[in-house]
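Numbering (the working numbering), first residue to last: 186 to 353.
Yeah, the Cβ is synthetic: ideal placement off N, Cα and C, and Gly gets one too.
Just so it is clear, the structure is predicted and the values come from calculations on it, not from any experiment.
Scroll down for the structure; my scribbles are underneath it.
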Amino acid sequence: MESDPLSHRLYATHRNTLVSYARRLCGDKGIAEDLVHDAWLLFHRQNNAEILAPLSYLKTIIRNLLFDRRRRSTFESTTDAPFEQAIGNVEVTSASPERDVAARQIMSRVMDAIDAMPERQRKAIRMYHFDGMKLREIAQELDISVALVHKLIADGVKICMQIRKEEL
186 MESDPLSHRL YATHRNTLVS YARRLCGDKG IAEDLVHDAW LLFHRQNNAE
236 ILAPLSYLKT IIRNLLFDRR RRSTFESTTD APFEQAIGNV EVTSASPERD
286 VAARQIMSRV MDAIDAMPER QRKAIRMYHF DGMKLREIAQ ELDISVALVH
336 KLIADGVKIC MQIRKEEL
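This is the structure we're talking about:
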């Protein structure tokens, strides 16, 4: 491998600073040393003549290597672990049964409110929010202006949001 004076000088001059930086990020001196070494190897392989702030760039490489290491560690801890242990690492995102019931009740009230709206407004809201149609397509279908479609939908959404706020 060719000698690169800039990367060698940078490593020799700032090694302790970089190890200290990495240690603050990960909390372990051994891992910090590994991160700095791996970062320098990556930096050394690149054409670093174009890098304006090499020390900052090295710190970015160190931080990214640490993120990769953590991500890999989390993945590895779940792939070989028994199901019960792996499931403990998965974040629970579902709401409680009570919140599920409350959300369904709110949705039911919102759907009842939409059904009670004037026919043109009800159709516009359903076409836009449920069928995924664009405003101009709805305007064409209902034979009204795009501005009126927008107003019908906006007014309907205000009613739905008011119902939602009342329930919360």
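Short Cβ contact (7 Å threshold) for Arg338 with Ala298 = Numbered from its first residue, the sequence shown carries residue 338 at position 153. Numbered from its first residue, the sequence shown carries residue 298 at position 113. Correcting the residue type first, residue 338 is Ile in the shown sequence and not Arg. Going by C-beta atoms, Ile338 is not nearer than 7 Å to Ala298.
Straight-line gap, Asp285 to Leu250 (C-alpha atoms, nearest Å) = Along the sequence shown, read from residue 1 onward, the residue named residue 285 stands at position 100. Along the sequence shown, read from residue 1 onward, the residue named residue 250 stands at position 65. Looking at the two C-alpha atoms, the distance is approximately 40 Å.
State the Cα-Cα distance for the pair Ala207 and Ile236, rounded to the nearest angstrom.
-> Counted from its first residue, the sequence shown places residue 207 at position 22. Counted from its first residue, the sequence shown places residue 236 at position 51. Distance between the alpha carbons of Ala207 and Ile236: 21 Å.
Gln325: buried (16+ other C-beta within 10 angstroms of its C-beta) or exposed?
-> Residue numbering aside, residue 325 sits at position 140 when the sequence shown is read from its first letter. Looking at its Cβ environment, which holds fewer than 16 other Cβ atoms inside 10 Å, Gln325 is exposed.
Whose C-beta lies closer than 6 Å to the C-beta of Ala197 among residues of the same chain, with five residues either side of it excluded?
-> Start at 1 with the first residue of the sequence shown, and residue 197 comes out as number 12. Result list for Ala197: empty, nothing under 6 Å.
Would DSSP call Gly215 helix, strand or coil?
-> In the sequence shown, residue 215 corresponds to position 30, counting from 1. In the structure shown, Gly215 sits in a helix (DSSP, three-state: H, G or I).
DSSP on Lys244, reduced to helix/strand/coil?
-> Here residue 244 refers to the residue found at position 59 when the sequence shown is read from its first residue. Of the three classes helix, strand and coil, the one that applies to Lys244 here is helix, per DSSP.
Going by beta carbon distance, what residues of the same chain come within less than 6 Å of Val334, once the five residues before and after it are set aside?
-> Position 149 of the sequence shown, counted from the first residue, corresponds to residue 334. Only Ala309, Leu320, Ile323 and Ala324 meet the Cβ criterion.
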